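Scroll down for the structure; my scribbles are underneath it.
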Amino acid sequence: MPVELSIPTPKGFDFLTTVRGHGWYDLAPFRFDEAKAELRYTFTDASGRKASAGCISGRPGELAVRLTNRSVPEAKVVRDVRHILRLDDDMDEFYDAARREDRLHWAADIGAGRLLRSPTVFEDAVKTMCTTNCSWALTRKMVENLVEKLGISATGGSKAWPTPAAMASVDEAFYREEIRAGYRSPYFVEFAEAVASGEIDPESWLHSDLPTSELRKEIKSVKGFGDYAADNLLKLLGRYDGLALDSWLRAKFYEKHASGKKCPDKRIAKHYAKFGKWQGLAIWCDMTEYWHVEGR
DNA sequence: GCGTCCAGGTCTACC
DNA sequence: GGTAGACCTGGACGC
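As structure tokens, this is what we get:
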């Protein structure tokens, strides 16, 4: 039996700005229906054995969430939606800093900066690995393969993100041949096995007391996580000290602030240094402004 | 059709 | 600590 939930949103929150503000909406199990302004996701219960297809839409002051069945407890779905859309993030400090900058004032005005993320750090970590050293098209393909080949099905056939155990149950050859992950394959095996066995608990990174520099070291101890991947995951954890520079972000910076010419990373870092612990979010908003202004 | 380049990098070896 | 070379895939591009 279908279920409909209502989740109140904080003042200044904008559903579509949040969804469009990070490319994650384009990666399975997310599906974004631009025409209907609906974000779909396949939720799972805590055990990862039951799934419900969900459809999220924005209304003034609230989110409406429709579920295909009651397989997943409502409280779990509400928690996941709040996490995905960062309803509990306090953005005031960042918006105060953005309002002091002419070029970022718009972010505070429209409520940008709540980077869409997955319900679990594990899912975000694997997706981040899928973004390294490849085109966005290949990232989409690898993520789609992971969901289709290792995720459980909800009513209606939509698939959920695979559990660490499911990902640990297949070998390197599977990742190479079925997921098309190439040289990343052993990294997936090692990470999934470590998480499934409890050796690594990525969810604990969300509320870690470690300073960001120490947490970055811990994340980088996972094979496949270098500077970019670690900083990108830290952003999704809510820590914006790092810029998470990749070739795309660099190219956008050259285009916008260096007359199209390459420049050292140090210059980029200096450009955003004034934002302190918010610099990672500042560069992201600055480089993605056209997504909100012109559409994608 | 074919070869090359490169894209939302990382690891290892070496200096 | 910095650098070079290897590593997979697949789309874009030139010929």
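All the letters of the first sequence, read from the start, carry residue numbers 534 to 829 under the working numbering.
We treat Cβ as the ideally placed atom computed from N, Cα and C, and that holds for glycine.
Quick caveat, the model's predicted, so the values are computed rather than measured.
To the nearest angstrom, how far is the alpha carbon of Pro543 from that of Met820? Taking the first sequence and counting its residues from 1, the one referred to as residue 543 is at position 10. Taking the first sequence and counting its residues from 1, the one referred to as residue 820 is at position 287. About 25 Å.
Who are the near neighbours of Gly554 in its chain, counting only those whose CB is closer than 6 Å to its CB and skipping five residues on each side? Residue 554 sits at position 21 when you count from the first residue of the first sequence. If we look at Gly554 and ignore the five residues flanking it on each side, its Cβ neighbours are Ala645.
May I ask which residues mark the beginning and end of the alpha helix (DSSP H) holding Cys588? What you label residue 588 is simply residue 55 of the first sequence in a count that begins at 1. Note, Cys588: premise wrong, no alpha helix (DSSP H); beta strand (DSSP E) at Ala584 to Arg592.
May I have the straight-line CA-CA distance separating Pro793 from Arg800, to the nearest angstrom? Sequence index remark: in the first sequence, residue 793 carries index 260 (1-based). Sequence index remark: in the first sequence, residue 800 carries index 267 (1-based). The amino acid occupying residue 793 in the given sequence is Gly; Pro does not appear at that position. Each residue's Cα considered, the two are about 14 Å apart.
Looking at the strands, I want to know which residues DSSP matches up with Ala597. Translated into the one-based positions of the first sequence, residue 597 becomes position 64. According to DSSP, Ala597 bridges with Ser539 and Ser590.
Helix, strand or coil, according to DSSP, for Tyr773 in the structure here? Looking up residue 773 in the first sequence gives position 240. In this structure, DSSP gives Tyr773 a state outside helix and strand, which the three-state scheme calls coil.
Count the other CB atoms, across all protein chains shown, that sit within 10 Å of the CB of Met534; report buried if there are 16 or more and exposed otherwise. Position 1 of the first sequence, counted from the first residue, corresponds to residue 534. Classification of Met534: exposed, given that the 10 Å Cβ count is below 16.
Looking only at its own chain, which residues have a Cβ that is under 7 Å from the Cβ of Pro652, when we skip the five neighbours before and after it? On the first sequence, position 119 is the one that residue 652 refers to. The beta carbon of Pro652 lies closer than 7 Å to those of Asp613, His616 and Ile617 in the same chain, with the five residues before and after it left out.
Spatially closest choice to Asp902 from Ser718, Leu814 and Tyr787, by CA coordinates: Nothing can be reported for residue 902, as the shown portion of the chain is limited to 534 through 829.
Bridge partners for Asp566 per DSSP, in chain order? Here residue 566 corresponds to residue number 33 of the first sequence, with the count starting at 1. Beta-bridge pairing links Asp566 to Glu571.
Chain-order list of residues whose beta-carbon lies under 7 Å from that of Leu637 (same chain, five-residue window excluded): Position 104 of the first sequence, counted from the first residue, corresponds to residue 637. If we look at Leu637 and ignore the five residues flanking it on each side, its Cβ neighbours are Ala631, Ala815, Cys818 and Asp819.
Using C-beta distances below 6 Å, list every residue in its chain close to Gly591, excluding the 5 sequence neighbours before and after it, in chain order. The residue you call residue 591 lines up with position 58 of the first sequence. Apart from sequence neighbours up to five positions away, the residues of its chain that approach Gly591 with a beta-carbon distance below 6 Å are Phe548, ordered along the chain.
Can you name, in chain order, every residue of its own chain whose Cβ lies under 7 Å from the Cβ of Asp657, other than the five neighbours on each side? As a position in the first sequence, residue 657 is number 124, starting the count at 1. For Asp657, where only same-chain residues beyond five positions count, the Cβ hits under 7 Å are Arg650, Ser651, Leu766 and Leu769.
How many angstroms separate the CA atom of Val755 from the CA atom of Leu538? Residue 755 sits at position 222 when you count from the first residue of the first sequence. Residue 538 sits at position 5 when you count from the first residue of the first sequence. Their backbone Cα atoms lie some 38 Å apart in a straight line.
I'd like to know whether the C-beta atoms of Thr688 and Ala586 end up nearer to each other than 8 Å. Numbered from its first residue, the first sequence carries residue 688 at position 155. Numbered from its first residue, the first sequence carries residue 586 at position 53. In this structure, Ala586 lies closer than 8 Å to Thr688 by Cβ.
Other residues of its chain near Phe546: CB distance less than 7 Å, five sequence neighbours each side excluded: As a position in the first sequence, residue 546 is number 13, starting the count at 1. Around Phe546: Leu620 and Gly644.
DSSP bridge partner residues for Phe692 (one or two, in chain order): For the purposes of this step, residue 692 is taken as the residue at position 159 of the first sequence. The sequence shown places Lys at residue 692, not Phe. DSSP lists Ser686 as the bridge partner or partners of Lys692.
Give a yes or no on contact between the stretch 727-743 and the stretch 691-704, applying the rule of three or more CB pairs nearer than 8 Å. The stretch 727-743, when compared against the stretch 691-704, does touch it at the 8 Å Cβ threshold.
Would you check if there are 3 or more beta carbon pairs closer than 8 Å linking the stretch 779-799 to the stretch 566-573? The stretch 779-799 is not in contact with the stretch 566-573.
Using only the alpha-carbon positions, how far apart do Met672 and Tyr708 sit? Residue mapping note: residue 672 aligns to position 139 of the first sequence, counting from 1. Residue mapping note: residue 708 aligns to position 175 of the first sequence, counting from 1. Reading off the sequence, residue 672 comes out as Thr, not Met. Each residue's Cα considered, the two are about 14 Å apart.
So for Thr577, helix, strand or coil by DSSP? Against the first sequence, residue 577 aligns to sequence position 44. In the structure shown, Thr577 sits in a strand (DSSP, three-state: E or B).
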